[in-house]
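Numbering (the working numbering), first residue to last: 115 to 313.
In this text, a Cβ means the ideal position worked out from N, Cα and C, and glycines have one as well.
Please read the structure below before turning to the comments.
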Amino acid sequence: IFVAIVDVTERHTARLELERLATTDSLTGLFNRRHFLLAAGRELKRSMRYELPYTMLMLDLDHFKRVNDTYGHSFGDNVIRRFAEVARGCLRDEDLLGRIGGEEFCAVLVSSGQDGGYLVAERIRKRWQEEAFEFQGARFNFTVSIGVACQTRDSETVESIMERADAGLYSAKRAGRNCVIVHGGERVEELLARHGHLL
Numbered sequence: 115i116f117v118a119i120v121d122v123t124e125r126h127t128a129r130l131e132l133e134r135l136a137t138t139d140s141l142t143g144l145f146n147r148r149h150f151l152l153a154a155g156r157e158l159k160r161s162m163r164y165e166l167p168y169t170m171l172m173l174d175l176d177h178f179k180r181v182n183d184t185y186g187h188s189f190g191d192n193v194i195r196r197f198a199e200v201a202r203g204c205l206r207d208e209d210l211l212g213r214i215g216g217e218e219f220c221a222v223l224v225s226s227g228q229d230g231g232y233l234v235a236e237r238i239r240k241r242w243q244e245e246a247f248e249f250q251g252a253r254f255n256f257t258v259s260i261g262v263a264c265q266t267r268d269s270e271t272v273e274s275i276m277e278r279a280d281a282g283l284y285s286a287k288r289a290g291r292n293c294v295i296v297h298g299g300e301r302v303e304e305l306l307a308r309h310g311h312l313l
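Dropping the structure here:
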């Protein structure tokens, strides 16, 4: 009689670790760019199927190169990690969040329209501006610029929505940073005036 005993625990653990490494950003624990785009695509298909709103945020930390140059890359990594925690804390469990570049992040708000997207983005912006950091006895804060875009037609792709959110982000940078701009390029004080009580 031949008996084979295989310990699958170690193999299973190794497989789970490989999956985690393939789908997450090692610095923040968020989705990496590739996995975020896959998850965002699945969510877009679901939103189209059930005729639900779909909103994307593009978020970029302001003057981040200056942070690395002034305080060092280790401190910069801590800033990125903390921003990921702050942004995640402002989203619902079902929303998606990924790090898609050095200091650039992207979020998908599930079943949320433009007004809701603006309000969430503004909440993240304000919360991040309040976050205090210390370095060699000095205390200071950082800011973030955010672009917002929504699905506007059935033929849209994740990439086309991301392009418009990115256009809003660059408009926010040109407008002086530390603000939220929807995909049309205009500042949305009228949304704030209508919905400021929800912030």
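Coil, strand or helix - N182 by DSSP: helix
Neighbour-count burial assignment, R308, 16 or more Cβ in a 10 Å radius: Its pLDDT being 47, under 50, R308 is placed unreliably by the model, and the measurement read from it follows with that caveat. The residue is exposed, with fewer than 16 neighbouring Cβ atoms inside 10 Å.
Coil, strand or helix - A198 by DSSP: helix
Cβ contact check for the segment 220-236 and the segment 182-194: 3 or more pairs under 8 Å: no
Proximity of F150 and L205 at Cβ, strictly below 9 Å: no
Beta-bridge partners of F254, as assigned by DSSP: F247
Segment contact flag, the segment 252-264 with the segment 150-165, C-beta cutoff 8 Å, min 3 pairs: no
Rounded Cβ spacing between A286 and S259 (contact assumed at less than 8 Å): Taking the Cβ atoms as the reference, A286 lies roughly 4 Å from S259, within the contact range of under 8 Å.
From I295, F219 and I275, residue whose alpha carbon lies closest to that of T142: F219
C-beta contact flag for E245 and F197 at 9 Å: The beta carbons of E245 and F197 sit closer together than 9 Å.
Local conformation of L210 per DSSP, three classes: In the three-state DSSP reduction, L210 falls in the strand class (E or B).
Outcome for Q250 when other beta-carbon atoms lying within 10 angstroms are tallied against a minimum of 16: Q250 is exposed by the Cβ-count criterion.
Proximity below 9 Å, CB of L171 to CB of G261: The answer is yes: Cβ separation under 9 Å.
8 Å contact criterion, which H297 and R267 should meet: CB distance rounded: Actually they are not in contact, since the Cβ atoms of H297 and R267 sit about 13 Å apart, beyond 8 Å.
Helix, strand or coil at Y232 [DSSP, three-state]: helix
Under the three-state DSSP convention, the category V296 falls into: strand
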